[in-house]
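Have a look at the structure below, then the notes.
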């Protein structure tokens, strides 16, 4: 996939994006991996997990020795890293299209409700997962989509009373919250 995605010919890139399920399938696998993540792990445990695509080997006993669901976390982070690496070497059209697909299907549809949920414990864990994603991603196109998701893409000043960038507002509000979480 990396070889096909990195072809310099624009026709190949357009065909790959427009005439196949390339972006949809890669984004869907990321979503499926995210939905398997543990919901009862302490956010500090996420910082200790290292994962790179192709190196996601963990035995069941290792999974249970650290925290239940570590294997799912490594699988998710490895797939995110793979998508990020692919985007980093891909034709710019493919890179932008896949990054946008990840934002529209994963960040906007799956991650946003997790971050905005009323359960404090769930919202804190979702924020920890988002933070861990940001530590993994390094390709410019995917980082740009994460920034749009968190900060928005409006260049105009924020208008009070609008609900346009709820994620940004909620993350800022959490910084000044009295919670022990």
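Residue numbers (the working numbering): 940 to 1120. Glycine included, C-beta positions come from ideal geometry on N, C-alpha and C. Quick caveat: nothing in here was measured; it's all calculated off a predicted structure.
Original post:
Straight-line CA distance for residue 1108 to residue 1070?
Top reply: Going by the C-alpha atoms only, they are around 16 Å apart.
Original post:
From what residue to what residue does the alpha helix (DSSP H) around residue 925 run?
Top reply: Past the boundaries of the shown model lies residue 925; the chain is included only from 940 to 1120, so the question cannot be answered.
Original post:
If you count every other CB in all the chains shown that lies within 10 Å of the CB of residue 1061, and 16 or more means buried, which is it?
Top reply: exposed
**OP:** Quick one: grab the DSSP three-state call for residue 981.
**Re:** coil
Original post:
What separation, rounded to the nearest whole angstrom, lies between the Cα atoms of residue 1021 and residue 1100?
Top reply: 39 Å
Original post:
Between the region 1028-1044 and the region 1081-1091, do three or more beta carbon pairs fall short of 8 Å?
Top reply: yes
Original post:
Can you tell me where the alpha helix (DSSP H) with residue 1041 in it begins and where it stops?
Top reply: Here residue 1041 belongs to no alpha helix (DSSP H), and DSSP marks it neither H nor E.
**OP:** Confirm, please, whether the CB-CB distance from residue 1065 to residue 1073 is below 8 Å.
**Re:** no
Original post:
Roughly how many whole angstroms lie between the Cα atoms of residue 1032 and residue 1018?
Top reply: 21 Å
**OP:** Would you mind stating whether residue 1183 and residue 940 have Cβ atoms separated by less than 8 Å?
**Re:** This structure does not reach residue 1183, given that the chain is present from 940 up to 1120, and the question cannot be answered.
Original post:
If residue 974 sits next to residue 1008, beta carbons under 8 Å apart, how far is it from one beta carbon to the other, in whole angstroms?
Top reply: Actually they do not touch by this definition, with Cβ atoms about 12 Å apart.
Original post:
When burial is assigned at 16 or more other CB atoms within 10 Å of the CB, is residue 883 buried or exposed?
Top reply: This structure gives no information on residue 883, because the portion of the chain shown stretches from 940 to 1120.
**OP:** Would you check if the distance between the CB atom of residue 966 and the CB atom of residue 1028 is smaller than 8 Å?
**Re:** no
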